[in-house]
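Asker:
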Amino acid sequence: MNVVLNILVGVQMLTALAMIGLILIQHGKGADMGAAFGSGSAGSLFGASGSANFLSRTTGVLAAVFFACTLLLAYFSHARPTGGGSLLERATIGAPAPAPAPSGPASQIPSGNAPAAAPGTNAPASAPAAPASGAAQIPTK
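Start counting the sequence shown at 100; every next residue gets the next number (our numbering).
1) Starting from the C-beta of residue 165, find all residues in its chain whose C-beta is less than 8 Å away, skip the five residues before and the five after it, and write them out in chain order.
2) Output the distance between the C-alpha atoms of residue 109 and residue 238, rounded to the nearest integer angstrom.
3) For residue 100, which of helix, strand or coil comes out of DSSP?
4) Indicate the three-state DSSP secondary structure (helix, strand or coil) for residue 155 in the structure shown.
5) Rounded to a whole number of angstroms, what is the C-alpha to C-alpha distance between residue 186 and residue 126?
6) Starting from the C-beta of residue 158, find all residues in its chain whose C-beta is less than 8 Å away, skip the five residues before and the five after it, and write them out in chain order.
7) Report the three-state DSSP secondary structure of residue 237 (helix, strand or coil).
8) If you check the beta carbons only, do residue 102 and residue 175 fall under 9 Å apart?
9) According to DSSP, is residue 176 part of a helix, a strand, or is it coil?
10) Can you have a look at residue 161 and say buried or exposed, based on whether 16 or more other CB atoms are within 10 angstroms of its CB?
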């Protein structure tokens, strides 16, 4: 399915670029009046009116291809997966189970309030220093 979508996007981009080029090449309605009186593009590659027919037909074909690619991309973008549910629901189904916590004495778990003293020592736990406030926060040279 991804290959089809990539091909459609590529065709749509190339068609859009070709349409831009062909539209910029075409002459407006005012340019035909000068060619009718002998000046301008009367001696062009496609003749006085042949270029307008060729370029306008090619632009029409490219516009139809662009429109068809747009419709197909819109159709394929609304195709839902058969599993149903949201992305989060599908992620929890395929997620691995968490590892079990290691068992051991509860004294090895730090409490988070104060740093624990090393086992076998009777050293008191030191409190963290209070943050500096006011002018003490400005570094000196």
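Quick reminder that beta carbons are idealized off the backbone N, C-alpha and C, glycines included. Treat the numbers as computed from the prediction; the structure is a model and nothing was measured.
Answerer: Here's the rundown:
1) Excluding sequence positions up to five before and after residue 165, its CB lies within less than 8 Å of the CB of 111, 114, 115, 118, all in the same chain and listed in chain order.
2) 60 Å
3) coil
4) In this structure, residue 155 counts as helix in the three-state DSSP scheme.
5) 51 Å
6) 118, 121, 122, 125
7) coil
8) no
9) helix
10) buried
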